[in-house]
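Novice: Let me begin by handing over the structure; questions about it come next.
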Amino acid sequence: MTAVPPRPAAHGARRGRVLRPDVAWLGVLVAFAASPAAVAAQRFDAAQADSAAAVERARSAQGRFERERVRRIPLDRWGFSGGGCDERVGRMCLRLEGGSDWWWPEEEAPELTAARARLIEQLAEAARTAPGDPWILGQRVVYLGEAGRWAEAERLASRCGIRAEERWWCDALEGLALHVQGDYVVAAERFRAALASMEPDRALEWREVGDLLTSEGDDARDRAVERGDSAAVDRFWALSDPLFLVPGNDRWTEHMARRTWSRTREGARNAYSMSWGSDLDELLVRYGWEVGWERRDPGASIGVSTSA
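Numbering (the numbering used here), first residue to last: 838 to 1145.
This is the structure:
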């Protein structure tokens, strides 16, 4: 008897046996790739990456503008007598010169005005990609304000767009814009809303008046705290109201506006070319934000005129 060799499988059958596992895996991969959750996750990751890139571009643009500001700061035409510091606050040397009551800086260079306009557009473009970023929103408000466009800054802050737990920041920025425009009553409402919804520790810090007090005032406040007089700060602000005939307390809203402005400087480049710290924060709260700059000497310190 002659043995018959086994019949070879058909070509198509062999292909089926070889490809069947691959087809099965392909089906799994296609099903996974088409999963709504997977697609949503991929889109979320892409959006996060785009948002982070937009914030980085905004920070770079803001830094470029402040470096341009430093390059464009005019030289002091009147000279400077020199001398030591009347007061040292951290890294800052404060000189209370005789001319400081009337000194006003020169108008800024047209090139700087144009650079600010470009920055405002670049920040707006970044906000379209990262609409809920609080840092970008703060920069947009203050640079619009620097350009004299406070009504536009107010509308921007009122639209907000930040997630609910950070809504207080929009209220504070809106309060800043309203205060500068002279609407102290509504500004106070916005600031109170911000204080009510921000973190308790931050609210306590913003309400703090220590930077505004003399040593005698500090002692009086400490005694009030010791005896549990919680209304002492309210009395302080009531007595600080400069014009009782003007609706609202513009001294209190000015204080809150300065707190708000100071927070916009955190993580932002400034013309001092130093990181924002407690010394710069204290000087801003005491004297107001900068409205003009002047360089004393090509290699020396920078003089500023504040909003106070």
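Positions of the beta carbon are idealized from the N, C-alpha and C atoms, including for glycine.
Roughly how many angstroms separate the alpha carbons of R928 and L1121, rounded to a whole number?
Specialist: The straight-line gap from Cα to Cα measures roughly 14 angstroms.
Novice: Where do the N-terminal and C-terminal ends of the beta strand (DSSP E) with M929 fall, by residue?
Specialist: Segment 929–931, the beta strand (DSSP E) holding M929.
Novice: Going by beta carbon distance, what residues of the same chain come within less than 8 angstroms of E1119, once the five residues before and after it are set aside?
Specialist: These residues qualify, in order along the chain: V926, G927, D1048.
Novice: Compute the Euclidean distance between the alpha carbons of P968 and R1060, then round it to the nearest angstrom.
Specialist: If I take the Cα positions, the gap works out to 46 angstroms.
Novice: Hey, out of V1062, E991, S1052, whose CA is closest to R792's CA?
Specialist: Outside the shown range of the chain (838 to 1145) lies residue 792, about which nothing can therefore be said.
Novice: How about E983 and R953: do their beta carbons lie closer than 8 angstroms?
Specialist: A contact, by the Cβ cut-off of 8 angstroms.
Novice: Report, in whole angstroms, the separation of the C-beta atoms of I910 and R1096, which I expect to be a contact under 8 angstroms.
Specialist: Not really, about 26 angstroms apart at Cβ, beyond 8 angstroms.
Novice: Hey, out of V1022, A961, T950, L1010, whose CA is closest to V1083's CA?
Specialist: Closest by alpha carbon: V1022.
Novice: Considering Cα atoms alone, identify which of R1000, F1073, R908 is closest to A946.
Specialist: The shortest Cα separation from A946 among R1000, F1073, R908 belongs to R908.
Novice: Does the beta-carbon distance from T966 to A891 come in below 8 angstroms?
Specialist: In this structure, A891 lies closer than 8 angstroms to T966 by Cβ.
Novice: Skipping 5 residues on each side, what residues in its chain have a beta carbon closer than 8 angstroms to that of L949?
Specialist: Closer than 8 angstroms at Cβ, skipping near neighbours: E905, R906, R909.
Novice: Distance, Cα to Cα, A963 vs L981?
Specialist: Roughly 15 angstroms separates the two Cα atoms.
Novice: What does the Cβ neighbour count give for V1146, buried or exposed, with the cut at 16 atoms within 10 Å?
Specialist: The requested residue 1146 is not part of the displayed model; the chain covers only 838 to 1145.
Novice: Which of the three DSSP states, helix, strand or coil, is assigned to W941?
Specialist: Coil, per DSSP.
Novice: Between which two residues does the beta strand (DSSP E) holding V1128 run?
Specialist: V1128 -> beta strand (DSSP E) spans 1127–1132.
Novice: With V1023 as the anchor, note down where its alpha helix (DSSP H) starts and where it stops.
Specialist: Taken as a continuous stretch (DSSP letters only), the alpha helix (DSSP H) holding V1023 covers 1021–1034.
Novice: Output the boundary residues of the beta strand (DSSP E) element that contains E1045.
Specialist: Here E1045 belongs to no beta strand (DSSP E), and DSSP marks it neither H nor E.
Novice: For the alpha helix (DSSP H) containing V978, list its first residue and its last residue.
Specialist: Start and end: 971–983.
Novice: Mind pulling the alpha helix (DSSP H) runs of 4 or more residues that sit fully within the stretch 1084–1115?
Specialist: Qualifying alpha helix (DSSP H) stretches, in chain order: 1087–1102.
Novice: Rounded to whole angstroms, what's the CA-CA distance from D1008 to A1001? Just pull it up for me.
Specialist: Spanning the two alpha carbons is a distance of roughly 12 angstroms.
Novice: What are the boundary residues of the beta strand (DSSP E) that R925 is part of?
Specialist: Element bounds for R925: 924–926.
Novice: Pop quiz: L1013 and A1094 are said to be a contact at Cβ under 8 angstroms. What is the actual Cβ separation, rounded to whole angstroms?
Specialist: The pair is a contact, with the Cβ atoms about 5 angstroms apart (cut-off 8 angstroms).
Novice: By DSSP, does L1178 sit in helix, in strand, or in coil?
Specialist: Here the chain has residues from 838 to 1145 only, and residue 1178 is not among them.
Novice: Which class does D1179 belong to by DSSP, given the choice of helix, strand or coil?
Specialist: Nothing about residue 1179 can be reported from this structure: the residues present for the chain run from 838 to 1145 only.
Novice: Quick one: is D970 buried, meaning 16 or more other Cβ sit within 10 Å of its Cβ, or exposed?
Specialist: The residue in question, D970, is buried, as its Cβ has 16 or more Cβ neighbours within 10 Å.
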